[in-house]
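Heads up: the sequence shown runs through residues 1 to 214, numbered per the UniProt record's numbering. Don't be surprised by glycine CBs; every beta carbon is placed ideally from N, CA and C.
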Amino acid sequence: MSEDLVLYTNPMSRGRIARWMLEEVGQPYHAEILAFGDGMKSADYLALNPMGKVPALSHKGTIVTECGAICAYLADAFPEAQLAPPPGSPARGSYYRWMFFAAGPVEAGVTNKALGFEVPAGRERMAGYGRYGDVIDTLEFAVTQNEFIAGDRFTAADVYFGSQIGAGLAFKTIEPRPAFQAYWQRLADRPAALRARAIDDSLIAEMKKAQSAH
Numbered sequence: 001m002s003e004d005l006v007l008y009t010n011p012m013s014r015g016r017i018a019r020w021m022l023e024e025v026g027q028p029y030h031a032e033i034l035a036f037g038d039g040m041k042s043a044d045y046l047a048l049n050p051m052g053k054v055p056a057l058s059h060k061g062t063i064v065t066e067c068g069a070i071c072a073y074l075a076d077a078f079p080e081a082q083l084a085p086p087p088g089s090p091a092r093g094s095y096y097r098w099m100f101f102a103a104g105p106v107e108a109g110v111t112n113k114a115l116g117f118e119v120p121a122g123r124e125r126m127a128g129y130g131r132y133g134d135v136i137d138t139l140e141f142a143v144t145q146n147e148f149i150a151g152d153r154f155t156a157a158d159v160y161f162g163s164q165i166g167a168g169l170a171f172k173t174i175e176p177r178p179a180f181q182a183y184w185q186r187l188a189d190r191p192a193a194l195r196a197r198a199i200d201d202s203l204i205a206e207m208k209k210a211q212s213a214h
């Protein structure tokens, strides 16, 4: 039942990552679209996610927030989708390694760069990601070791890692190195990715239409 899986999201947010993951899983779900501001800061939603941000996932009463966690949770909750390497396998190590790298150094480094913030020289050890250049070089290393992040098979790590690269290329917060473009091209036309983008892009169009009518 779709009520078993509820995605709290906004089509102009990182919730797009969680929707892509849900489309890959292939289970019915319901999406609650929350507006920035009052919607995400309402008492009801803050009871689910005190951060007041999206996405959040409710699965039979279990609440999961943070895109990387949602991707990993769904892969384990629905093993029939085969979106996670077997526990104990070498690929499982790569899966966790790069999932957490994307959630930590990539997210922080790219966001700070986009905001014009640079770690002061000599203080790199205080920042988890060190230097932006190191993050980007490591990102390139990650996408050139195998066809996919955890090996030769697509996993939830590619949903999260790929989303970071796809958004970075689109918004020019990640430099368009050939390795990044080639990796993103391997992911962008997956049926689930196309379905997810179509849904969220349609919602954005509806929102803009409603705004222009007022």
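Suppose you measure from the CA of residue i to the CA of residue j; what does that come to, to the nearest Å?
i	j	result
T17	P120	The question names Thr, but residue 17 is Ile in the sequence shown. Going from the Cα of I17 to the Cα of P120 covers about 32 Å.
W98	A142	7 Å
E175	I136	8 Å
A108	A102	9 Å
V25	S42	29 Å
H59	G122	45 Å
T138	M207	38 Å
A192	R177	25 Å
S202	E124	42 Å
G116	Q185	28 Å
P28	G151	28 Å
H30	E23	12 Å
Please name the residue in the options whose C-alpha comes closest to that of residue i.
i	options	result
N10	E24, F36, P28	F36
I70	D152, E3, V54	V54
N112	R177, R125, I33, R131	R131
D158	K60, A91, D4, G61	A91
D4	D38, Y45, A77, E24	A77
I33	G116, Q211, M51, M12	M12
P105	R153, D189, G68	G68
A179	A167, E147, R190	E147
E66	P79, E80, P50, A81	P50
G61	G93, V6, V110, P85	V6
Q181	S212, G93, E140	E140
Which term fits residue i, buried or exposed, when burial requires 16 or more other beta carbons within 10 angstroms of its beta carbon?
i	result
Q164	buried
G162	buried
M21	buried
I204	exposed
F171	exposed
L83	buried
I63	exposed
Can a CB atom of chain C be found closer than 8 Å to the CB of residue i?
i	result
E147	Protein chain content of the structure displayed is limited to a single chain, and chain C is not contained in it.
Are residue i and residue j touching if we call contact CB-CB under 8 Å?
i	j	result
T155	Y95	yes
T173	A127	no
L48	Y8	yes
V110	G166	no
L46	G52	yes
message: When you compare the segment 195-204 with the segment 13-33, are there three or more beta-carbon pairs, one atom per stretch, that lie closer than 8 Å?
response: Yes, the segment 195-204 is in contact with the segment 13-33.
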